[in-house]
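Report on the following structure.
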Amino acid sequence: MKLIDYAKNIGLLATIALMTNVNIVQAAEGPVDKGITLQPAASEVAHDIASFHNAVLMPVMVGISLLVLVLLIYVGIKFNEKANPKPATFTHNVPLEIAWTAVPVLILIFIAIFSFPLLYKEDVTPAKFDLTVKVTGNQWYWSYEYPDADGISLTANMLSEEEAKAQNKPFQFATDAALVVPVNKVVRVQITASDVIHSWALPAFGVKIDAVPGTLNETWFKAERTGTFYGQCSEICGIRHAFMPIEIKVVTDTEYAAWLASHKTADASPVQLAQAQ
Numbered sequence: 003m004k005l006i007d008y009a010k011n012i013g014l015l016a017t018i019a020l021m022t023n024v025n026i027v028q029a030a031e032g033p034v035d036k037g038i039t040l041q042p043a044a045s046e047v048a049h050d051i052a053s054f055h056n057a058v059l060m061p062v063m064v065g066i067s068l069l070v071l072v073l074l075i076y077v078g079i080k081f082n083e084k085a086n087p088k089p090a091t092f093t094h095n096v097p098l099e100i101a102w103t104a105v106p107v108l109i110l111i112f113i114a115i116f117s118f119p120l121l122y123k124e125d126v127t128p129a130k131f132d133l134t135v136k137v138t139g140n141q142w143y144w145s146y147e148y149p150d151a152d153g154i155s156l157t158a159n160m161l162s163e164e165e166a167k168a169q170n171k172p173f174q175f176a177t178d179a180a181l182v183v184p185v186n187k188v189v190r191v192q193i194t195a196s197d198v199i200h201s202w203a204l205p206a207f208g209v210k211i212d213a214v215p216g217t218l219n220e221t222w223f224k225a226e227r228t229g230t231f232y233g234q235c236s237e238i239c240g241i242r243h244a245f246m247p248i249e250i251k252v253v254t255d256t257e258y259a260a261w262l263a264s265h266k267t268a269d270a271s272p273v274q275l276a277q278a279q
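Numbering (this note's numbering), first residue to last: 3 to 279.
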């Protein structure tokens with residue numbers, strides 16, 4: 003039994019170390035090299051996902067792992083050839099069979115109680131949203147349009163390593179045209195693709211939705227703080243799938259208005275500029 007107690011203590015220490023590592027990694031902003039945890043949440047949905055992971059999934063996973071470990075050690079000690087030279091010959095154990103069927107069902111029901119409301123919250127865009135952005139996935143870059151802002155459009159390609167270094171940005175995450183949105187505003191995202199299936203994923207916002215040719219999918223987010231956030235295409239889409247980063251800049255209302263004005267001026271035709279004067 004000492005070996006079983008030792009295994010329990012090791013499992014507890016591993017769990018504490020893992021949870022400590024979560025806090026250390028989450029103290030850093032954005033993706034972390036060799037990181038194994040969730041990015042720091044920047045939206046209500048992302049906070050809910052992190053809470054669901056830490057408060058529901060982690061205890062279930064750790065509990066099941068420790069139970070299996072203890073059972074393996076117990077069986078290895080009690081039923082090895084030396085301790086049990088004549089093995090039993092039974093073929094059925096009805097109570098045990100009922101238990102190992104019922105317990106997983108109860109665990110899944112427990113998880114569903116918390117996950118279904120979260121899935122609904124992620125899936126349904128609030129009736130009142132502040133702006134709409136259309137996202138189009140292409141091989142291998144993203145296109146953005148602002149239908150509510152005179153159709154301002156952007157094409158975002160990954161920066162080369164030299165360009166990223168010169169701009170002090172993370173290579174393979176930074177782009178030459180970030181999607182700019184205001185803070186604390188509900189952003190409706192309508193997404194499609196021009197060629198093959200892509201997936202637009204922003205871990206900090208709890209967003210991941212497929213971009214499918216011929217289909218207009220929809221999601222939403224509400225960034226709760228300013229800053230630059232990164233994501234990547236999360237659906238294998240060809241040879242340069244790994245080089246389709248997503249960069250979003252969340253700015254204040256004043257900065258967003260100035261950005262819109264500058265892009266409207268830049269996109270305006272000579273006739274429109276003359277009429278404005």
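We treat Cβ as the ideally placed atom computed from N, Cα and C, and that holds for glycine.
Please read these numbers as outputs of a predicted model, since none were measured by experiment.
Task: Buried or exposed by the 16-neighbour rule on C-beta atoms within 10 Å, applied to N23 - done: The sequence position of residue 23 within the sequence shown is 21, counting from 1. Here the model assigns N23 a pLDDT of 43, short of 50, so the residue's position is not dependable, and the following value carries that caveat. N23 is exposed by the Cβ-count criterion.
Open item on the list: Just to confirm my understanding: we take F223, look at its own chain, exclude 5 residues before and 5 after, and list those with CB closer than 6 Å. What are they?
Closed with: As a working mapping, residue 223 is identified with position 221 in the sequence shown. Sequence-distant partners of F223 (beyond 5 residues in either direction) whose C-beta falls short of 6 Å from its own C-beta, in its chain, are S45, V189, F207, V209.
Task: Backbone CA spacing between K84 and G78 [nearest angstrom] - done: Counted from its first residue, the sequence shown places residue 84 at position 82. Counted from its first residue, the sequence shown places residue 78 at position 76. The alpha-carbon separation between K84 and G78 amounts to approximately 11 Å.
Open item on the list: Across the region 109-123 and the region 173-184, are there enough close Cβ pairs to call them in contact, namely three or more that are closer than 8 Å?
Closed with: The region 109-123 is not in contact with the region 173-184.
- [ ] Check whether the Cβ atoms of T138 and T177 sit closer than 7 Å, and answer yes or no.
- [x] The sequence position of residue 138 within the sequence shown is 136, counting from 1. The sequence position of residue 177 within the sequence shown is 175, counting from 1. Not a contact, by the Cβ cut-off of 7 Å.
Task: For H200 and M1, believed in contact at Cβ under 8 Å, the rounded distance - done: Missing from the structure shown is residue 1; the chain here goes from 3 to 279 and no further.
Open item on the list: Just verifying my parser: in three-state terms, what is the DSSP assignment at V198?
Closed with: For the purposes of this step, residue 198 is taken as the residue at position 196 of the sequence shown. V198 sits in coil when the DSSP states are folded into three classes, being neither helix nor strand.
Task: Same chain only: Cβ atoms within 7 Å of D197, ignoring 5 sequence neighbours per side - done: As a first step, residue 197 is located in the sequence shown; it is residue number 195 there, counting from the start. So the list reads N140, Q141, P215, once near-sequence residues are dropped.
Task: Sub-7 Å separation of T228 and V252 beta-carbons - done: Mapped onto the sequence shown, residue 228 falls at position 226. Mapped onto the sequence shown, residue 252 falls at position 250. Result yes, Cβ atoms of T228 and V252 sit closer than 7 Å.
Open item on the list: Taking its Cβ as the centre, do 16 or more other Cβ atoms sit within 10 Å of Q41, making it buried, or is it exposed?
Closed with: Stepping through the sequence shown from its first residue, residue 41 is reached at position 39. Only buried fits Q41, as 16 or more other CB atoms lie within 10 angstroms of its CB.
- [ ] Sort G37, S264, D35 by Cα distance to I154 and report the nearest one.
- [x] What you label residue 154 is simply residue 152 of the sequence shown in a count that begins at 1. Of G37, S264, D35, the residue nearest in Cα terms is S264.
Task: Beta-carbon contacts of N219 that lie in its chain and below 8 Å, excluding the five residues immediately before and after - done: As a working mapping, residue 219 is identified with position 217 in the sequence shown. Same-chain partners within the cutoff: Q192, I193, T194, I211, D212, A213.
TODO: Take the Cβ of A129 as the centre, count every other Cβ of all protein chains shown within 10 Å, and call the residue buried at 16 or more, exposed below.
DONE: In the sequence shown, residue 129 corresponds to position 127, counting from 1. That one is exposed.
Open item on the list: Can you list, in chain order, the residues of its chain with a C-beta nearer than 6 Å to that of R242? Leave out the 5 residues immediately preceding and following it.
Closed with: Sequence index remark: in the sequence shown, residue 242 carries index 240 (1-based). So the list reads W142, once near-sequence residues are dropped.
- [ ] To the nearest angstrom, report how far apart I111 and L73 are at their CA atoms.
- [x] Taking the sequence shown and counting its residues from 1, one reaches residue 111 at position 109. Taking the sequence shown and counting its residues from 1, one reaches residue 73 at position 71. Rounded to the nearest angstrom, the two C-alpha atoms are 24 Å apart.
- [ ] Count the other CB atoms, across all protein chains shown, that sit within 10 Å of the CB of A225; report buried if there are 16 or more and exposed otherwise.
- [x] Mapped onto the sequence shown, residue 225 falls at position 223. Taking a 10 Å sphere around the C-beta of A225, we find 16 or more other C-beta atoms and assign the residue as buried.
Task: Cα-Cα separation between L275 and K266, rounded to whole angstroms - done: Numbered from its first residue, the sequence shown carries residue 275 at position 273. Numbered from its first residue, the sequence shown carries residue 266 at position 264. With a pLDDT of 34 at L275, under the threshold of 50, the predicted position of this residue should be treated as unreliable, though the coordinate-derived value follows. Distance between the alpha carbons of L275 and K266 is about 10 Å.
- [ ] Check L40 in the structure and name its three-state DSSP category.
- [x] Position 38 of the sequence shown, counted from the start, is the residue given in the question as residue 40. The answer is coil: DSSP assigns L40 none of H, G, I, E or B.
Task: Terminal residues of the alpha helix (DSSP H) in which T103 lies - done: The sequence position of residue 103 within the sequence shown is 101, counting from 1. Where T103 is concerned, the enclosing alpha helix (DSSP H) stretches over 96-125.
Task: Where A166 falls, given that 16 or more other Cβ within 10 Å makes a residue buried - done: Sequence index remark: in the sequence shown, residue 166 carries index 164 (1-based). When all chains shown are included, A166 counts as buried.
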